[in-house]
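Asker: Order-wise, the sequence lines are chains A and B. If you read the first sequence in my numbering, its first letter stands for residue 1, the second for the next number, and so on. If you read the second sequence in my numbering, its first letter stands for residue 195, the second for the next number, and so on.
2 protein chains.
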Amino acid sequence: MKRSMGAKSLIYPTPVFVIGSYGEKGEPNVMTAAWAGICCSKPPAISVSLRKATYTHGNITRRKAFTVNVPSDGIVVQADYFGMTTGREEDKLAAVGFTPVRSELVDAPYIEECAMVLECKLIQTHEIGLHTQFIGEIMDVKVDEEALDKDGICRMSKIRPFLYAPDDHNYYSVGKMLARGFDSGKAIERKKRK
Amino acid sequence: MKRSMGAKSLIYPTPVFVIGSYGEKGEPNVMTAAWAGICCSKPPAISVSLRKATYTHGNITRRKAFTVNVPSDGIVVQADYFGMTTGREEDKLAAVGFTPVRSELVDAPYIEECAMVLECKLIQTHEIGLHTQFIGEIMDVKVDEEALDKDGICRMSKIRPFLYAPDDHNYYSVGKMLARGFDSGKAIERKKRK
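1. Rounded to the nearest angstrom, how far is the Cβ of B:P230 from that of B:F260, given a contact under 8 Å?
2. Would B:C234 count as contacting chain A if we go by Cβ distances under 8 Å?
3. Run through DSSP, which three-state label would A:T32 get?
4. Let me know if A:E90 comes out buried or exposed under the rule of 16 or more other beta-carbons within 10 Å of its beta-carbon.
5. Just to make sure I have the definition right: I need the residues of chain A whose C-beta is within less than 7 Å of the C-beta of B:P238. Which are they?
6. List the residues of chain A that B:P355 touches, going by C-beta distances under 7 Å, in chain order.
7. Can you tell me whether B:G214 is buried or exposed, with buried defined as 16 or more other CB within 10 angstroms of its CB?
8. Residues of chain A with CB closer than 7 Å to the CB of B:P371, please, in chain order.
9. At 4 residues or longer, and completely inside the segment 311–356 of chain B: list those alpha helix (DSSP H) runs for me, N to C.
10. Using a Cβ cut-off of 8 Å, pull out every chain A residue sitting near B:G323, in sequence order please.
11. With the cut-off set at 8 Å, would you say A:P161 and A:S72 are in Cβ contact?
12. In whole angstroms, what separates the C-alpha of A:L122 from that of A:V106?
13. Counting only beta-carbon separations shorter than 8 Å, does B:K336 have a partner in chain A?
14. Which value, in whole angstroms, describes the spacing of the CA atoms of A:H57 and B:T293?
15. List the residues of chain A whose Cβ lies closer than 8 Å to the Cβ of B:F376, in chain order.
16. Taking B:I240 as the reference, which of B:K370, B:V290 and B:N263 has the closest Cα?
17. Which residues does DSSP pair with A:Y172 in a beta bridge?
18. With a threshold of 8 Å between beta-carbons, can A:M1 be considered close to chain B, or not?
19. Here's a check: name, in chain order, each residue in its chain whose Cβ is nearer than 6 Å to the Cβ of A:K78, leaving out the five neighbours to either side.
20. Would a C-beta distance cut-off of 8 Å place B:D345 and A:G185 closer than the cut-off?
21. Starting from B:F211 and walking both ways along the beta strand (DSSP E), at which residues does that stretch end?
22. Output yes or no for whether 8 Å exceeds the beta carbon distance between A:M156 and B:Y206.
23. Output needed for A:Q167: all residues of its chain with C-beta closer than 7 Å, excluding positions within five of it in sequence on either side, in chain order.
24. To the nearest angstrom, how far is the alpha carbon of B:A309 from that of B:R245?
25. By DSSP's criteria, A:R102 is part of a beta bridge. Which residues make up the other side?
26. Using a threshold of 7 Å, is the CB atom of A:S49 nearer than that to any non-hydrogen atom of the ligand ATP?
27. Put B:A273 into one of helix, strand or coil per three-state DSSP.
28. Taking the alpha carbon of B:I269 as the point to measure from, which residue in B:E313, B:E383, B:G200 and B:Y365 has its own alpha carbon closest?
29. My output table needs one value for B:R256: the three-state DSSP class, helix, strand or coil.
30. Does A:H131 pass the burial test, meaning 16 or more other C-beta atoms within 10 Å, or should it be called exposed?
31. Nearest CA to the CA of B:P303: which residue from B:G277, B:R257 and B:M199?
32. Does A:S49 come within less than 8 Å of chain B when only Cβ atoms are used?
33. Excluding the five sequence neighbours on either side, which residues of its own chain have a C-beta within less than 6 Å of the C-beta of B:L335, listed in chain order?
34. Using the beta-carbon of each residue, which ones in chain B are nearer than 9 Å to A:E145?
35. Does the beta carbon of B:V212 sit closer than 8 Å to a beta carbon anywhere in chain A?
36. Excluding five sequence neighbours on each side, which residues of the same chain lie with their C-beta closer than 7 Å to the C-beta of B:A228?
What follows is the structure, encoded as structure tokens:
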């Protein structure tokens with residue numbers, strides 16, 4: 001039996017990403033966002049939804065660029081902090097001792113301490129309602145050398161991203177490997193053929 | 195040191211959702227999608243990116259509605275299967291023995307066997323490139339009674355969603371609770387004040 005929870009923006013799980021941009025004075029700024037994800041393969045693109053009230057909203061509109069930084073579970077406290085304060089009032093990266101790196105591809109900074117970063121150029125802006133959805137073309141994905149295996153494959157176990165559960169209000173780690181993608185489902189094909 | 199992976203649609207983690215829609219003959223159809231997530235709070239809305247070639251793309255365009263179903267880690271094989279075959283050729287729900295339920299709110303079916311389902315009315319359609327992004331207003335979120343605790347809070351540990359890692363090609367479970375959201379970051383505020 002299912003219970004109706006009402007019309008709300010609730011789904012499990014949501015990712016936790018840190019959005020990098022340059023502020024009004026050209027200073028590096030970051031904020032945490034859970035409402036973001038890949039939205040196209042050609043061109044490779046990612047969407048990020050932000051309220052107009054955020055400092056980052058103005059920054060992206062002005063510079064037409066942003067980065068998406070994937071924090072690992074070891075820096076969950078810092079990522080939570082980036083979502084609680086505003087870059088209008090302080091240098092959040094300095095507050096936690098993180099290092100902004102100027103992207104050579106887009107007009108936005110990325111975070112050295114994040115194992116995976118996406119450098120994005122704004123290509124579309126959609127007004128949905130309270131949130132604006134920014135669509136960024138992914139110009140490059142950069143990954144820490146230590147997060148790659150010997151074949152150059154980027155492993156979940158090395159990036160160690162974490163998740164947020166809206167109604168539950170907690171962050172969760174990624175757990176164990178469950179199954180192979182585009183492969184484990186073949187068991188159903190085999191069963192059908194019998 | 196970071197290594198450049200190139201301009202590609204790669205980020206960790208991505209969620210695994212199953213999109214429900216009615217097909218050309220009114221039959222219930224489902225497909226698995228990882229490129230989806232909440233995009234607005236007012237109105238509550240979710241975006242789902244699909245290639246034009248998918249059967250679901252035409253279904254959503256025609257019926258102006260879809261559901262987003264969250265599979266638990268116990269049905270990872272079925273979810274993988276829903277992403278490997280097309281509803282043009284077979285009834286995927288019947289193939290795995292799952293039950294479509296007609297939504298009373300939108301013109302799309304949801305899956306009884308998924309612990310969390312969102313019923314969505316199409317409000318915007320954006321052409322990004324190879325993928326079309328459908329924006330659905332969330333008319334209701336329905337959750338299995340067993341996934342709620344005594345206070346009516348929906349717990350990650352009871353929904354047990356799982357994740358997909360694109361480059362790695364594996365599904366992963368959700369792991370342990372790491373920290374409280376909008377709370378653990380206060381430790382940095384306290385440290386600054388010292």
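Yeah, the Cβ is synthetic: ideal placement off N, Cα and C, and Gly gets one too.
Answerer: For this structure:
1. For the purposes of this step, residue 230 of chain B is taken as residue 36 along the second sequence, with counting starting at 1. For the purposes of this step, residue 260 of chain B is taken as residue 66 along the second sequence, with counting starting at 1. A quick correction: the sequence has Ala, not Pro, at residue 230 of chain B. Cβ-Cβ separation between B:A230 and B:F260: approximately 10 Å, too far for a contact (criterion under 8 Å).
2. The residue you call residue 234 of chain B lines up with position 40 of the second sequence. Taking a beta-carbon distance threshold of 8 Å, B:C234 counts as an interface residue toward chain A.
3. For the purposes of this step, residue 32 of chain A is taken as residue 32 along the first sequence, with counting starting at 1. Strand at A:T32.
4. Against the first sequence, residue 90 of chain A aligns to sequence position 90. Around the C-beta of A:E90, fewer than 16 other C-beta atoms lie within 10 Å, and the residue is accordingly described as exposed.
5. Here residue 238 of chain B refers to the residue found at position 44 when the second sequence is read from its first residue. Neighbours of B:P238 on chain A, chain order: A7, K8 and S9.
6. Translated into the one-based positions of the second sequence, residue 355 of chain B becomes position 161. Within chain A, the residues whose beta carbon sits less than 7 Å from that of B:P355 are Y12 and P13, listed in sequence order.
7. Looking up residue 214 of chain B in the second sequence gives position 20. It counts as buried.
8. Your numbering for residue 371 of chain B matches position 177 in the second sequence. It is worth fixing the name first, because residue 371 of chain B is Met in this sequence and not Pro. Near B:M371 (Cβ distances below 7 Å), the residues of chain A are N170 and Y172.
9. Runs of the alpha helix (DSSP H) inside the segment 311–356 of chain B: 350–353.
10. Residue numbering aside, residue 323 of chain B sits at position 129 when the second sequence is read from its first letter. In chain order: C40, S41, K42, P43 and A45.
11. Along the first sequence, one-based indexing puts residue 161 of chain A at 161. Along the first sequence, one-based indexing puts residue 72 of chain A at 72. Taking C-beta atoms as the reference points, A:P161 and A:S72 count as a pair closer than 8 Å.
12. In the first sequence, the residue the question calls residue 122 of chain A occupies position 122. In the first sequence, the residue the question calls residue 106 of chain A occupies position 106. The straight-line gap from Cα to Cα measures roughly 9 Å.
13. The residue you call residue 336 of chain B lines up with position 142 of the second sequence. At a cut-off of 8 Å between beta carbons, B:K336 contacts chain A.
14. Locating residue 57 of chain A in the first sequence gives position 57, counting from the first residue. Locating residue 293 of chain B in the second sequence gives position 99, counting from the first residue. Answer to the nearest angstrom: the Cα atoms are 42 Å apart.
15. As a first step, residue 376 of chain B must be located in the second sequence, where it is residue number 182. What B:F376 touches in chain A: D80, G83, M84 and H169.
16. Residue mapping note: residue 240 of chain B aligns to position 46 of the second sequence, counting from 1. Check the Cα spacing between B:I240 and each of B:K370, B:V290 and B:N263: the tightest is with B:N263.
17. To locate residue 172 of chain A, count along the first sequence from 1; it is residue 172. According to DSSP, which records beta bridges pairwise, A:Y172 is partnered with A:L163 and B:M371.
18. Position 1 of the first sequence, counting from 1, holds the residue named residue 1 of chain A. Yes, A:M1 counts as interfacial toward chain B.
19. Walking along the first sequence from the start, residue 78 of chain A turns up at place 78. For the record, residue 78 of chain A in the displayed sequence is Gln; it is not Lys. Excluding sequence positions up to five before and after A:Q78, its CB lies within less than 6 Å of the CB of V96, all in the same chain and listed in chain order.
20. On the second sequence, position 151 is the one that residue 345 of chain B refers to. On the first sequence, position 185 is the one that residue 185 of chain A refers to. Taking 8 Å as the Cβ cut-off, B:D345 and A:G185 do not qualify as a contacting pair.
21. Translated into the one-based positions of the second sequence, residue 211 of chain B becomes position 17. F211 to Y216 is the extent of the beta strand (DSSP E) around B:F211.
22. In the first sequence, the residue the question calls residue 156 of chain A occupies position 156. In the second sequence, the residue the question calls residue 206 of chain B occupies position 12. One thing to note: A:M156 has its Cβ within 8 Å of the Cβ of B:Y206.
23. Counting from one through the first sequence, the residue named residue 167 of chain A turns up at place 167. Reading off the sequence, residue 167 of chain A comes out as Asp, not Gln. The beta carbon of A:D167 sits closer than 7 Å to those of L10, all from its chain and outside the five residues before and after it, given in chain order.
24. Residue numbering aside, residue 309 of chain B sits at position 115 when the second sequence is read from its first letter. Residue numbering aside, residue 245 of chain B sits at position 51 when the second sequence is read from its first letter. B:A309 and B:R245: Cα-Cα distance of roughly 26 Å.
25. Position 102 of the first sequence, counted from the start, is the residue given in the question as residue 102 of chain A. In DSSP, A:R102 forms a bridge with A:P109.
26. The ligand ATP is not part of this structure, which contains no ligands at all.
27. Here residue 273 of chain B refers to the residue found at position 79 of the second sequence. In the structure shown, the three-state DSSP call for B:A273 is helix.
28. In the second sequence, residue 269 of chain B corresponds to position 75, counting from 1. Ranked by Cα distance from B:I269, the first of B:E313, B:E383, B:G200 and B:Y365 is B:Y365.
29. Numbered from its first residue, the second sequence carries residue 256 of chain B at position 62. Three-state result, B:R256: helix.
30. Looking up residue 131 of chain A in the first sequence gives position 131. Taking a 10 Å sphere around the C-beta of A:H131, we find 16 or more other C-beta atoms and assign the residue as buried.
31. What you label residue 303 of chain B is simply residue 109 of the second sequence in a count that begins at 1. The shortest Cα separation from B:P303 among B:G277, B:R257 and B:M199 belongs to B:R257.
32. Against the first sequence, residue 49 of chain A aligns to sequence position 49. By this cut-off, A:S49 is an interface position.
33. Counting from 1 along the second sequence, the entry for residue 335 of chain B is found at position 141. Just to set this straight, residue 335 of chain B is Val in the shown sequence, not Leu. Excluding residues within five positions, the ones whose Cβ falls inside 6 Å are L312.
34. What you label residue 145 of chain A is simply residue 145 of the first sequence in a count that begins at 1. Result: M195, K196 and R197.
35. As a first step, residue 212 of chain B is located in the second sequence; it is residue number 18 there, counting from the start. Not one chain A Cβ lies under 8 Å of B:V212.
36. Walking along the second sequence from the start, residue 228 of chain B turns up at place 34. Result list for B:A228: T208, P209, V210 and Y358, in chain order.
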